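Student:
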Amino acid sequence: MPPQPPELPYNPSAIEARWQSRWDADQLYRAQPDASRPKWYELTMYPYPSGDLHIGHWYAMAPYDTHVRFKRMQGFNVLAPMGFDAFGLPAENAAIKRGIHPHTWTMANIERMRGQLRSMGAAFDWSREIVCCMPEYYRWNQWLFLQFHQRGLAYRAFAPANWCPSCQTVLANEQVVGGRCERCDSLVERRDLNQWFFRITRYAEELLDFSGLLDWPEKIKLMQRNWIGRSEGVELSFDISHAGLSEKTIKVFTTRPDTVHGATFLVLAPEHPLVERLTAPDHRAAVAEYVLQARRASEIERMSADREKTGVPIGAYCVNSFNGERVPMYIADYVLAGYGSGAVMAVPAHDERDFAFARKHRLPVKVVISPPDWDGGELSQAFTGQGVMVHSGRFDGTPGDRAFDAVASYAEAQGFGRRTITYRMRDWLISRQRYWGTPIPIINCQKCGAVPVPEKDLPVLLPEDAEFKPTGESPLARHAGFLHTACPQCGGPATRETDTLDTFVDSSWYYLRYTSPHYDKAPFDPAEAKYWAPVDQYTGGAEHAVMHLLYSRFFCKAMRDLGIVSFGEPFTRLYNQGIILGEDREKMSKSRGNVVNPDDYVGTLGADAVRVFLMFIGPWDQGGSWSSTGIQGISRWINRVWAIAERDPAALAGASTGGVPELRRVTHKTIRRVTQDLERFQFNTSVSALMEFTNHLGRAWESRAVDAAAWREAVRALLLLLAPIAPHTSEELWERAGYAYSIHQQPWPAWDEALARDEEITLVVQVNGKLRDKIAVAAGVTEAQATALALASDKVKAALDGKQVRKVIYVPGKLVNVVAG
RNA sequence: GCCGGGGUGGCGGAAUGGCAGACGCGACGGACUUAAAAUCCGUUGGCCGGAAGGCCGUGUGGGUUCGACUCCCGCCCCCGGCACCA
Numbered sequence: 001m002p003p004q005p006p007e008l009p010y011n012p013s014a015i016e017a018r019w020q021s022r023w024d025a026d027q028l029y030r031a032q033p034d035a036s037r038p039k040w041y042e043l044t045m046y047p048y049p050s051g052d053l054h055i056g057h058w059y060a061m062a063p064y065d066t067h068v069r070f071k072r073m074q075g076f077n078v079l080a081p082m083g084f085d086a087f088g089l090p091a092e093n094a095a096i097k098r099g100i101h102p103h104t105w106t107m108a109n110i111e112r113m114r115g116q117l118r119s120m121g122a123a124f125d126w127s128r129e130i131v132c133c134m135p136e137y138y139r140w141n142q143w144l145f146l147q148f149h150q151r152g153l154a155y156r157a158f159a160p161a162n163w164c165p166s167c168q169t170v171l172a173n174e175q176v177v178g179g180r181c182e183r184c185d186s187l188v189e190r191r192d193l194n195q196w197f198f199r200i201t202r203y204a205e206e207l208l209d210f211s212g213l214l215d216w217p218e219k220i221k222l223m224q225r226n227w228i229g230r231s232e233g234v235e236l237s238f239d240i241s242h243a244g245l246s247e248k249t250i251k252v253f254t255t256r257p258d259t260v261h262g263a264t265f266l267v268l269a270p271e272h273p274l275v276e277r278l279t280a281p282d283h284r285a286a287v288a289e290y291v292l293q294a295r296r297a298s299e300i301e302r303m304s305a306d307r308e309k310t311g312v313p314i315g316a317y318c319v320n321s322f323n324g325e326r327v328p329m330y331i332a333d334y335v336l337a338g339y340g341s342g343a344v345m346a347v348p349a350h351d352e353r354d355f356a357f358a359r360k361h362r363l364p365v366k367v368v369i370s371p372p373d374w375d376g377g378e379l380s381q382a383f384t385g386q387g388v389m390v391h392s393g394r395f396d397g398t399p400g401d402r403a404f405d406a407v408a409s410y411a412e413a414q415g416f417g418r419r420t421i422t423y424r425m426r427d428w429l430i431s432r433q434r435y436w437g438t439p440i441p442i443i444n445c446q447k448c449g450a451v452p453v454p455e456k457d458l459p460v461l462l463p464e465d466a467e468f469k470p471t472g473e474s475p476l477a478r479h480a481g482f483l484h485t486a487c488p489q490c491g492g493p494a495t496r497e498t499d500t501l502d503t504f505v506d507s508s509w510y511y512l513r514y515t516s517p518h519y520d521k522a523p524f525d526p527a528e529a530k531y532w533a534p535v536d537q538y539t540g541g542a543e544h545a546v547m548h549l550l551y552s553r554f555f556c557k558a559m560r561d562l563g564i565v566s567f568g569e570p571f572t573r574l575y576n577q578g579i580i581l582g583e584d585r586e587k588m589s590k591s592r593g594n595v596v597n598p599d600d601y602v603g604t605l606g607a608d609a610v611r612v613f614l615m616f617i618g619p620w621d622q623g624g625s626w627s628s629t630g631i632q633g634i635s636r637w638i639n640r641v642w643a644i645a646e647r648d649p650a651a652l653a654g655a656s657t658g659g660v661p662e663l664r665r666v667t668h669k670t671i672r673r674v675t676q677d678l679e680r681f682q683f684n685t686s687v688s689a690l691m692e693f694t695n696h697l698g699r700a701w702e703s704r705a706v707d708a709a710a711w712r713e714a715v716r717a718l719l720l721l722l723a724p725i726a727p728h729t730s731e732e733l734w735e736r737a738g739y740a741y742s743i744h745q746q747p748w749p750a751w752d753e754a755l756a757r758d759e760e761i762t763l764v765v766q767v768n769g770k771l772r773d774k775i776a777v778a779a780g781v782t783e784a785q786a787t788a789l790a791l792a793s794d795k796v797k798a799a800l801d802g803k804q805v806r807k808v809i810y811v812p813g814k815l816v817n818v819v820a821g
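All the letters of the first sequence, read from the start, carry residue numbers 1 to 821 under our numbering.
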């Protein structure tokens with residue numbers, strides 16, 4: 001519970017409600033294309049309608065809103081829409097638990113959150129709201145799916161998938177974090193299922209190219225780069241023609257072809273398609289047992305790198321095409337089926353994993369790359385660096401920097417290898433075995449196979465009367481009315497695809513829908529999108545680095561290639577805010593009991609106090625912790641602003657004007673500081689600058705060293721600078737000061753460099769780098785004058801103490817350093 | 001293990017080669033009050049000193065520089081991401 005609030009000279013709730021209604025009635029934030037002004041599309045990640053707007057939402061949205069309002073006052077034609085990420089599991093889980101329909105649950109939450117978002121005083125254009133569980137939205141998911149399908153970008157495959165036993169659905173690789181479900185933290189299992197995928201890997205190379213982005217955090221780009229995981233290597237063929245199979249070779253991917261002569265065994269993934277046919281009869285039992293065990297092992301177990309290197313021989317061999325050596329073959333679960341060709345040549349001398357496996361299974365270690373100062377003896381650990389090739393036949397003596405190319409070119413010339421690039425990223429698994437999502441618009445016909453639903457039949461509607469009990473199969477599969485249909489191609493009996501789309505599909509293009517949310521001929525009106533898109537500034541959490549932010553980039557490029565959009569990057573600038581922590585500096589959670597409910601503070605201190613406090617805690621990207629006393633300090637400051645703005649400048653009538661230039665200078669300096677800070681998302685220092693300005697105004701008033709005109713100018717600037725930060729209070733004080741409605745339609749104040757310039761500066765005087773004196777001098781002081789003044793200082797003389805002056809450093813307008821010894 | 005970010009008063013933070021600690025919180029003292037709350041004013045990095053003033057001080061050890069919180073090298077700690085990807 002928040003502590004007793006200080007007494008306020010005004011009622012924040014009343015003021016805030018009044019202005020919110022007025023802004024709403026006047027449609028102050030309605031965005032319309034306007035060719036006469038530069039456009040600015042600023043977007044914050046839309047929330048999941050979980051029920052209540054929590055302090056984390058405020059932390060994401062209040063500074064965002066301040067920036068939006070700032071851009072608007074600067075004269076940009078701003079689009080700042082809001083909507084809801086309304087499909088997804090929580091709604092369905094609530095339905096199962098409490099018997100409420102997911103639609104009812106979701107819409108009630110949205111209603112509640114709309115009100116809370118309004119209470120923030122955010123300048124959203126609500127006429128553009130999107131709710132992606134509505135058929136008007138998700139039909140375009142289906143339409144886009146069909147376009148992707150037509151281009152081969154959506155396909156179905158039977159493949160091992162990540163299965164979350166608690167969510168009762170498969171997950172994309174990106175949604176598995178450390179072998180656990182990203183959402184509910186359950187251990188993920190492996191299941192072979194027929195699943196739909198988006199071919200994001202086709203864009204792997206282009207997704208590594210960030211040149212189309214104006215300003216993205218390096219951290220996010222790096223995370224995406226690592227996730228995509230490009231590696232250049234060579235695919236080498238090892239001969240198995242003696243086995244009498246249709247396949248004459250087995251392929252391995254390696255980034256170190258120069259170590260090929262040291263391959264003393266080959267390792268296949270247990271799931272490798274050739275395992276069954278290559279295994280010798282007397283090894284069948286052991287191999288079958290190992291394969292079973294590997295399948296049972298959880299992702300977590302298989303993924304830990306320091307785990308014992310288990311594996312079994314399959315009783316078969318292949319031939320190394322470089323030296324004709326027989327190479328025995330093993331299966332081991334440290335080799336992943338989904339990467340490269342699912343098989344590796346094991347070079348224990350030059351690979352740590354292979355070394356560990358060779359140690360355990362007493363396999364030979366053959367050195368083929370000479371480590372520095374190598375004595376020709378056995379290695380105690382793998383040498384993974386580059387070096388001169390040895391024991392490698394024709395390649396002996398090839399230096400490390402040429403080894404890759406020498407071997408790769410030879411293999412290509414001889415026809416048993418080719419240079420290739422492999423990516424760590426897999427295709428995006430998009431099917432979910434759940435109800436509350438976009439039905440995949442495919443009809444399965446016994447005769448015709450997977451037939452796309454004709455565009456004219458879209459949307460494929462979610463039936464309202466489905467049962468939600470999770471069974472591991474989509475609830476849609478048990479809804480006869482939904483399931484059974486006719487094949488669009490042959491007219492015969494057919495069944496609908498019952499899986500629904502991953503909700504990340506919704507968010508991959510929602511920014512485009514905001515440009516024309518009611519358009520019904522396409523996902524968006526091309527003319528509107530052409531005007532507004534792409535997003536100029538996107539803000540949101542960094543946790544979406546390899547999910548939403550990567551998927552959206554992929555979608556954008558795919559849509560560009562389909563001719564739907566003309567650009568290749570959805571978000572040209574990105575800023576990630578940090579995380580707001582509880583008062584105990586721990587992550588907020590119900591179990592810790594440190595959850596802050598913003599509504600409590602909005603009701604007592606007002607939304608403006610909450611907004612300003614969240615911006616004041618520290619740099620936005622670093623996050624910060626809540627403080628119930630800290631926000632009271634903000635409230636006190638708003639009170640001081642109130643008191644200052646309410647003073648009648650007429651009281652200054654007989655005041656001396658000696659201090660006028662000083663107040664004007666501070667005013668213009670403050671305008672400059674706040675403008676530059678807001679530009680760079682440095683909200684904390686903008687607020688500090690305004691606090692200092694307020695303090696200065698208070699002192700100036702007390703000293704009576706101002707005249708009414710300068711005072712009015714200063715207060716007017718204060719309110720304008722405050723407008724984007726504390727929109728309600730500034731609007732109220734603006735009106736009370738007699739200015740015309742609305743402060744939010746005023747141009748951003750400009751500063752005058754000449755007025756902001758200091759006439760007198762403090763010259764810092766150092767002796768040997770230590771501060772010894774400060775001298776007030778005219779701003780235009782010359783080096784000779786400054787030096788003379790410094791040397792004339794008694795304190796400097798004392799510090800010099802008869803020492804010889806060797807040098808004098810002068811930094812114009814700042815400092816004199818006397819070097820003596 | 002690898003990659004990234006960070007370490008500054010009692011606390012959140014400011015300063016990115018030139019006055020360390022702006023601004024705010026907290027604390028202490030004072031004014032107002034019968035009293036308290038609220039508000040306002042003052043003090044507040046440490047040490048020495050009666051004071052003037054001096055010395056020390058930005059995780060840690062070196063280095064560059066007239067001058068380093070800021071740049072370079074080594075180490076320690078915290079946070080985030082990735083982690084058998086051949």
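Glycine residues also receive a C-beta, built at the ideal position from the N, C-alpha and C atoms. In this text the structure is predicted, and so the values were computed from the model without any measurement.
#1: Along the alpha helix (DSSP H) that carries F616, what are the first and last residues, could you check?
#2: In this structure, how does DSSP classify P2 when only helix, strand and coil are distinguished?
#3: Provide the residue(s) that pair with C318 in DSSP beta bridges, ordered along the chain.
#4: Look up G813 in the DSSP assignment and say whether it is helix, strand or coil.
#5: Going by the beta-carbon positions, is the gap between G541 and N594 smaller than 8 Å?
#6: Can you say whether I250 is buried or exposed, counting buried as having 16 or more other CB atoms within 10 angstroms of its CB?
#7: Quick check for students: name the residue ranges of the beta strand (DSSP E) that lie wholly in the stretch 57–82, counting only runs of 3 or more.
#8: Mind checking whether A792 and V816 have CB atoms under 8 Å apart?
#9: Tell me whether H272 sits in a helix, a strand or coil according to DSSP, three-state version.
#10: On the three-state DSSP scale, how would you describe C181?
#11: Who are the near neighbours of Q537 in its chain, counting only those whose CB is closer than 6 Å to its CB and skipping five residues on each side?
#12: Taking 7 Å as the cut-off, is the CB of T515 close to at least one heavy atom of the ligand GTP?
#13: Any contact between the stretch 258–268 and the stretch 327–343? By contact I mean 3 or more CB pairs, one from each, below 8 Å.
#14: Does D24 pass the burial test, meaning 16 or more other C-beta atoms within 10 Å, or should it be called exposed?
#15: Give the range of the beta strand (DSSP E) segment to which T836 is assigned.
#16: Quick check: the Cα distance between D333 and L292, rounded to an integer number of angstroms?
#17: Taking L236 as the reference, give the member of G244, T254 and G813 with the closest Cα.
#18: Between which residues of its own chain and P812 is the CB-CB distance below 8 Å, once the five residues before and five after are set aside?
#19: Does DSSP put R402 in a helix, a strand or coil?
#20: Does the separation of the CB atoms of F555 and S508 fall below 8 Å?
#21: Given S241, which residues of its chain have a CB within under 7 Å of its CB, disregarding the five upstream and five downstream residues?
#22: Tell me, to the nearest whole angstrom, how far the beta carbon of V68 is from that of A31; I am working on the premise that it is less than 8 Å.
#23: I'd like to check one pair, D34 with A80: are the Cβ atoms closer than 8 Å?
#24: Could you name the residues that DSSP lists as bridge partners for D215?
#25: Three-state secondary structure (DSSP) at H484?
#26: What does the alpha-carbon distance come out to for the pair I15 and T729?
#27: On a Cα-Cα basis, can you pick out the residue from Y514, P454, G472 and R513 that is closest to R496?
#28: What do you get for A717, buried or exposed, if any count of 16 or more other CB atoms within 10 angstroms of its CB means buried?
#29: If you drop the 5 nearest sequence neighbours on each side, which residues of the same chain put their C-beta closer than 8 Å to that of R592?
#30: From A545 to M223, what distance separates their C-alpha atoms?
#31: Which partner residues of Q766 appear in the DSSP bridge assignment?
#32: Exposed or buried, Q4, counting other C-beta atoms within 10 Å across all chains shown (16 or more means buried)?
#33: Can you check which of these residues, Y410, T384, S341 and A645, is closest to V347 by C-alpha distance?
#34: Output needed for R712: all residues of its chain with C-beta closer than 8 Å, excluding positions within five of it in sequence on either side, in chain order.
#35: For V796, report the span of its beta strand (DSSP E) as first-last.
#36: So F468 and I96 are supposed to be a Cβ contact under 8 Å. How far apart are they, rounded?
Tutor: Looking at the coordinates:
#1: A607 to F616
#2: At P2, the pLDDT of 45 sits below 50, so the modelled position is not reliable and the matter cannot be decided from this model.
#3: V327
#4: coil
#5: no
#6: buried
#7: Correct list: 77–79.
#8: no
#9: coil
#10: strand
#11: E42 and R573
#12: In terms of ligand content, the structure shown is empty, and the ligand GTP therefore cannot be addressed.
#13: yes
#14: exposed
#15: Outside the shown range of the chain (1 to 821) lies residue 836, about which nothing can therefore be said.
#16: Going from the Cα of D333 to the Cα of L292 covers about 11 Å.
#17: For L236, the nearest C-alpha among the options comes from T254.
#18: E783
#19: helix
#20: yes
#21: K248
#22: Going by Cβ atoms, the distance from V68 to A31 rounds to 11 Å, so no, they are not a contact pair.
#23: Contact flag unset, no.
#24: R573
#25: strand
#26: 8 Å
#27: For R496, the closest C-alpha among the options Y514, P454, G472 and R513 is that of P454.
#28: buried
#29: Hits under 8 Å: G582, D584 and E586.
#30: Each residue's Cα considered, the two are about 7 Å apart.
#31: L771 and N817
#32: Interpretation of Q4 is limited by its pLDDT of 49, a score under 50 that renders its predicted location unreliable; no figure is taken from the coordinates.
#33: T384
#34: P649
#35: Per DSSP, V796 belongs to no beta strand (DSSP E); it is in the alpha helix (DSSP H), D794 to L800.
#36: 5 Å
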